[in-house]
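Chains as they are written, first to last, in this note's numbering: chain E, 85 to 360; chain Z, 142 to 405.
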Amino acid sequence: MSGYNFAFLDEQTKRMIRRSILKAVAIPGYQVPFGSREMPLSYGWGTGGVQVTASLIGPEDVLKVIDQGADDTTNAVSIRKFFERTTGVRTTTRTAEATLIQTRHRIPETPLRAGQVLVLQVPIPEPLRWLEPREAETRKMHALEEYGVMHVRLYEDITRHCKVAQTYDYPVRVDGRYLMRPSPIPKFDNPKLDRSPALLLFGAGREKRIYAVPPYTPVKSLDFEDHPFEVETWRQPCGLCGATGVFLDEIIVDDKGGRLFVCSDTDHCAERRSPR
Amino acid sequence: MSGPLVTEDRPLLMVRGLTKRYGAQVGCLDVGFDLWPGEVLGLVGESGSGKTTVLACLAGSVEPTAGTAEFWTREGSRVDVLRLAEPARRRLLRSDWGVVHQNPRDGLRMSVSAGANVGERLMAVGVRHYGRIRQAALDWLATVEIDADRVDDLPATFSGGMQQRLQIARNLVTRPRLILMDEPTGGLDVSVQARLLDLLRGLVAELGLAAIVVTHDLAVVRLLAHRLLVMRRGEVVESGLTDQVLDDPHHAYTQLLVSSVLHP
Chain E
85 MSGYNFAFLD
95 EQTKRMIRRS
105 ILKAVAIPGY
115 QVPFGSREMP
125 LSYGWGTGGV
135 QVTASLIGPE
145 DVLKVIDQGA
155 DDTTNAVSIR
165 KFFERTTGVR
175 TTTRTAEATL
185 IQTRHRIPET
195 PLRAGQVLVL
205 QVPIPEPLRW
215 LEPREAETRK
225 MHALEEYGVM
235 HVRLYEDITR
245 HCKVAQTYDY
255 PVRVDGRYLM
265 RPSPIPKFDN
275 PKLDRSPALL
285 LFGAGREKRI
295 YAVPPYTPVK
305 SLDFEDHPFE
315 VETWRQPCGL
325 CGATGVFLDE
335 IIVDDKGGRL
345 FVCSDTDHCA
355 ERRSPR
Chain Z
142 MSGPLVTEDR
152 PLLMVRGLTK
162 RYGAQVGCLD
172 VGFDLWPGEV
182 LGLVGESGSG
192 KTTVLACLAG
202 SVEPTAGTAE
212 FWTREGSRVD
222 VLRLAEPARR
232 RLLRSDWGVV
242 HQNPRDGLRM
252 SVSAGANVGE
262 RLMAVGVRHY
272 GRIRQAALDW
282 LATVEIDADR
292 VDDLPATFSG
302 GMQQRLQIAR
312 NLVTRPRLIL
322 MDEPTGGLDV
332 SVQARLLDLL
342 RGLVAELGLA
352 AIVVTHDLAV
362 VRLLAHRLLV
372 MRRGEVVESG
382 LTDQVLDDPH
392 HAYTQLLVSS
402 VLHP
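1) What residue range is occupied by the uninterrupted beta strand (DSSP E) comprising C169/Z?
2) At a Cβ threshold of 8 Å, is V203/Z touching chain E?
3) One question on the structure: do V259/Z and L282/Z come within less than 8 Å of each other, judged by their Cβ atoms?
4) Does the beta carbon of A226/Z come closer than 8 Å to any beta carbon on chain E?
5) Take the Cβ of W177/Z as the centre, count every other Cβ of all protein chains shown within 10 Å, and call the residue buried at 16 or more, exposed below.
6) Under DSSP, the alpha helix (DSSP H) around Y239/E begins and ends at which residues?
7) Mind pulling the alpha helix (DSSP H) runs of 4 or more residues that sit fully within the stretch 158-232 of chain E?
8) At least one CB of chain E closer than 8 Å to the CB of I287/Z: is that the case?
9) Just to confirm the assignment: which complete alpha helix (DSSP H) runs, minimum length 4, are found wholly within the stretch 279-340 of chain Z?
10) Any idea what DSSP makes of V147/Z, helix, strand or coil?
11) Please confirm if L212/E has its CB atom under 8 Å from at least one CB of chain Z.
12) E240/E CB to nearest chain Z CB: under 8 Å?
13) Could you check whether the Cβ of V256/E sits closer than 8 Å to any Cβ belonging to chain Z?
14) Given a limit of 8 Å on CB to CB distance, which residues of the stretch 113-130 of chain E reach chain Z?
15) Mind checking who G381/Z pairs with in its DSSP beta bridge?
16) In chain order, which continuous runs of the alpha helix (DSSP H) of length 4 or greater are located wholly inside the stretch 170-247 of chain Z?
17) How many angstroms separate the CA atom of Q308/Z from the CA atom of V241/Z?
18) Starting from R311/E, follow its DSSP beta bridges and name the residues at the other end.
19) Would T350/E count as contacting chain Z if we go by Cβ distances under 8 Å?
20) In chain order, what residues of the same chain have a beta carbon less than 8 Å from the beta carbon of E181/E, not counting five sequence neighbours either side?
21) Looking at the strands, I want to know which residues DSSP matches up with R343/E.
22) The beta strand (DSSP E) that contains D151/E, what's its start and end?
23) Should the stretch 245-263 of chain E be called in touch with the stretch 271-278 of chain E, which here means at least 3 C-beta pairs below 8 Å?
24) Bridge partners for R376/Z per DSSP, in chain order?
25) With contact counted as at least three CB pairs below 8 Å, one residue from each stretch, are the stretch 371-391 of chain Z and the stretch 199-214 of chain Z in contact?
26) Taking 8 Å as the CB-CB cut-off, is H392/Z touching chain E?
27) Using a cut-off of 7 Å between C-beta atoms, extract the partners of G25/E located in chain Z.
28) Have a look at V203/Z, V195/Z, S254/Z, L153/Z and flag the residue whose alpha-carbon is nearest the alpha-carbon of R219/Z.
29) Quick one, which residues of the stretch 251-263 of chain Z are near chain E if we go by CB-CB under 9 Å, in chain order?
30) According to DSSP, is R162/Z part of a helix, a strand, or is it coil?
31) Contact defined as beta carbons within less than 8 Å: I believe L215/E pairs with V203/E. What is the distance between those atoms, to the nearest angstrom?
32) Check the DSSP bridge columns for F92/E and list the partner residues they point to.
33) Determine whether the Cβ of V248/E lies closer than 8 Å to any Cβ atom of chain Z.
34) Could you pull the DSSP bridge partners for F286/E from this structure?
35) Is L159/Z close to the ligand NAD? I mean its beta-carbon at under 7 Å from any heavy atom of the ligand.
36) Out of V185/Z, L340/Z, M372/Z, L329/Z, state which residue places its alpha-carbon closest to the alpha-carbon of Q243/Z.
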């Protein structure tokens with residue numbers, strides 16, 4: 085596309101974002117401030133993720149974009165088109181083929197491999213935000229590792245619901261140091277963060293923060309000794325491909341109360357039904 | 142109150158020359174005292190006399206202009222709490238010290254249950270066992286005479302006296318050795334005040350707590366404090382054993398203060 089630089093952002097901005105990414109990789113889980121730019125999509129649609137992707141993507145990359153597990157919903161289609169038009173790189177829906185994956189709120193079921201980069205879109209990067217509204221104070225709490233208050237919240241959940249009621253954006257400790265919000269992925273995906281061979285990058289455009297989990301970094305979901313962390317389970321397999329042990333979405337199929345549980349990861353489901 | 146429970150041969154806290162100036166205004170001037178383990182020190186004086194400033198300097202919420210405050214830690218080392226690095230001071234404040242605010246809303250987390258309020262300090266020092274945290278919360282609620290079936294209720298549903306007792310339980314759960322109290326009975330009605338004082342007196346004696354109690358209520362210090370500092374315009378004008386100061390005040394201001402108390 086003429087009139088625009090490769091991948092929309094100018095090289096100076098890309099360099100600035102890459103510097104922030106390097107710092108984020110060097111301090112796993114630490115939120116690095118960066119000069120977030122206005123992007124041609126509204127806040128909340130993945131401006132952070134798009135900037136991280138734009139600053140990393142090269143002509144040789146193969147891009148996959150996920151929106152809540154699916155490759156064919158508005159957000160995924162729009163962002164994929166955006167990068168097709170501004171870079172001309174090859175895009176794919178297959179996890180195994182992609183070198184760069186931007187995702188909104190899911191980690192693919194197909195295990196990631198070394199060399200792949202997963203970019204997650206983050207609405208609110210600060211895990212302590214709802215417990216402590218002051219930014220100066222939360223920074224101090226991170227610096228001094230004062231994370232007891234997060235357990236107060238888990239205590240409160242167990243007291244009220246007999247279990248931790250948080251099902252997405254479940255807080256984690258990265259490398260035994262920084263408390264991190266894994267972005268609104270279901271807690272089902274939390275174990276995939278732990279010692280992942282792929283590089284995980286998190287971009288929050290509105291809040292102007294980038295953070296990272298480098299490959300093979302231990303990531304532990306918070307819990308109590310007598311209430312260990314657990315992921316969701318389903319009684320039935322996927323209604324389309326019969327997969328078990330994957331994250332299922334509930335879909336209403338008619339107006340008579342009929343419902344179907346299907347894989348949230350559309351690529352994984354399609355792959356199982358008709359292997360390419 | 143009966144004799145001080147001094148069990149060690151050195152003061153827990155030694156304050157010397159504590160001064161806070163707000164420009165030309167004086168918050169407190171050259172305040173000094175020793176606090177022994179198990180001793181309750183009362184700080185009395187009119188509004189604006191600097192009582193709360195002294196407490197705020199010790200608690201770290203106000204930075205003093207000059208002075209030292211040496212504290213013997215549990216580990217047996219002597220630290221100047223006024224010069225302590227922030228991480229160490231914050232750690233001290235949530236383990237070995239406690240701060241009871243006048244308004245329980247300042248000291249409590251109002252959006253979580255009473256049990257979580259009591260358990261917060263335990264979680265802050267690294268306890269990660271839900272069952273044990275909950276049991277500790279229940280034990281401490283019993284100690285401060287709050288029914289066990291209120292453990293899951295929000296503090297907002299508690300009466301003022303209960304909130305104040307909850308705040309005390311929340312502070313005592315890590316077994317601190319020093320408690321700073323700012324008008325602990327302010328805003329409570331007289332019968333509730335009496336009950337709270339009774340409880341505090343029992344806890345202080347039982348746990349061997351040292352405490353600094355700021356108040357303008359002479360009846361409170363008569364009941365609670367072993368020793369008294371009378372402050373006026375930022376300076377300590379008189380100090381001594383509580384009964385001695387209240388029964389035989391020497392300084393003109395103390396005499397005025399004692400004679401202003403109403404007797405029904």
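Just so it is clear, CB atoms sit at the ideal spot from N, CA and C, and this is done for glycine as well.
The model shown is predicted, which means the values in this text are computed figures rather than measured ones.
If we stick to the structure as given:
1) Indexing the second sequence from 1 puts residue 169/Z at position 28. For C169/Z, the enclosing beta strand (DSSP E) begins and ends at 166-176.
2) Within the second sequence, the letter at position 62 stands for residue 203/Z. Not one chain E Cβ lies under 8 Å of V203/Z.
3) Here the question's residue 259/Z lines up with position 118 in the second sequence. Here the question's residue 282/Z lines up with position 141 in the second sequence. Cβ distance < 8 Å, so V259/Z and L282/Z count as in contact.
4) As a working mapping, residue 226/Z is identified with position 85 in the second sequence. Taking Cβ atoms only, chain E never reaches closer than 8 Å to A226/Z, which makes this a no.
5) Walking along the second sequence from the start, residue 177/Z turns up at place 36. Buried, since its Cβ has 16 or more Cβ neighbours within 10 Å.
6) Counted from its first residue, the first sequence places residue 239/E at position 155. Residues 232-245.
7) Within the stretch 158-232 of chain E, the runs of alpha helix (DSSP H) that reach at least 4 residues and sit entirely inside it are, in chain order, 158-171, 219-227.
8) On the second sequence, position 146 is the one that residue 287/Z refers to. Cβ-Cβ to chain E under 8 Å: no for I287/Z.
9) Runs of the alpha helix (DSSP H) inside the stretch 279-340 of chain Z: 301-313.
10) Here the question's residue 147/Z lines up with position 6 in the second sequence. Residue placement at V147/Z is poorly supported in this model, since its pLDDT is 48, which falls under 50; the coordinates still yield a value, given next. DSSP places V147/Z in coil when its eight states are reduced to three.
11) For the purposes of this step, residue 212/E is taken as residue 128 along the first sequence, with counting starting at 1. So no, L212/E is outside the interface.
12) Along the first sequence, one-based indexing puts residue 240/E at 156. Chain Z contact via Cβ: present.
13) Locating residue 256/E in the first sequence gives position 172, where the first residue counts as 1. Cβ-Cβ to chain Z under 8 Å: no for V256/E.
14) Going along the stretch 113-130 of chain E in chain order, one finds no residue with a Cβ nearer than 8 Å to chain Z.
15) Position 240 of the second sequence, counted from the start, is the residue given in the question as residue 381/Z. L369/Z.
16) Listed in chain order, they are 192-200, 227-236.
17) Translated into positions along the second sequence, residue 308/Z becomes position 167. Translated into positions along the second sequence, residue 241/Z becomes position 100. Cα-Cα distance, rounded: 7 Å.
18) As a first step, residue 311/E is located in the first sequence; it is residue number 227 there, counting from the start. In the sequence on display, residue 311/E carries His and not Arg. Looking at the DSSP output, H311/E sits in a beta bridge with F308/E.
19) Taking the first sequence and counting its residues from 1, one reaches residue 350/E at position 266. No, because no Cβ of chain Z sits closer than 8 Å to the Cβ of T350/E.
20) Translated into the one-based positions of the first sequence, residue 181/E becomes position 97. Within the same chain, and ignoring the five residues on either side of E181/E in sequence, the residues whose Cβ sits closer than 8 Å to its Cβ are V146, K148.
21) Here the question's residue 343/E lines up with position 259 in the first sequence. Looking at the DSSP assignment, R343/E forms a beta bridge with I336/E.
22) Taking the first sequence and counting its residues from 1, the one referred to as residue 151/E is at position 67. That run of the beta strand (DSSP E) goes 146-151.
23) Enough Cβ pairs lie closer than 8 Å, so yes.
24) To locate residue 376/Z, count along the second sequence from 1; it is residue 235. For the sequence presented, residue 376/Z should be read as Glu rather than Arg. Under DSSP, E376/Z shares a beta bridge with R373/Z.
25) Contact between the stretch 371-391 of chain Z and the stretch 199-214 of chain Z is absent, because fewer than three Cβ pairs lie under 8 Å.
26) Locating residue 392/Z in the second sequence gives position 251, counting from the first residue. By this cut-off, H392/Z is not an interface position.
27) Nothing can be reported for residue 25/E: it is not among the residues displayed for chain E, which extend from 85 to 360.
28) Indexing the second sequence from 1 puts residue 219/Z at position 78. Per the Cα distances, L153/Z.
29) Answer in chain order: S252, V253, S254, G256, A257, N258, G260, E261, R262, L263.
30) Counting from 1 along the second sequence, the entry for residue 162/Z is found at position 21. Strand.
31) In the first sequence, residue 215/E corresponds to position 131, counting from 1. In the first sequence, residue 203/E corresponds to position 119, counting from 1. Contact doesn't hold; Cβ gap of about 27 Å is too wide.
32) Walking along the first sequence from the start, residue 92/E turns up at place 8. The partner list for F92/E (beta bridge, DSSP) reads N89/E.
33) Taking the first sequence and counting its residues from 1, the one referred to as residue 248/E is at position 164. No, because no Cβ of chain Z sits closer than 8 Å to the Cβ of V248/E.
34) Here residue 286/E is taken as the residue at index 202 of the first sequence, counted from 1. In the DSSP output, where bridge partners are listed per residue, F286/E has L204/E, Y295/E.
35) The model on display carries no ligand, and the ligand NAD is accordingly not part of it.
36) The count along the second sequence starts at 1 and reaches residue 243/Z at position 102. Ranking the options by Cα distance to Q243/Z, first place goes to L329/Z.
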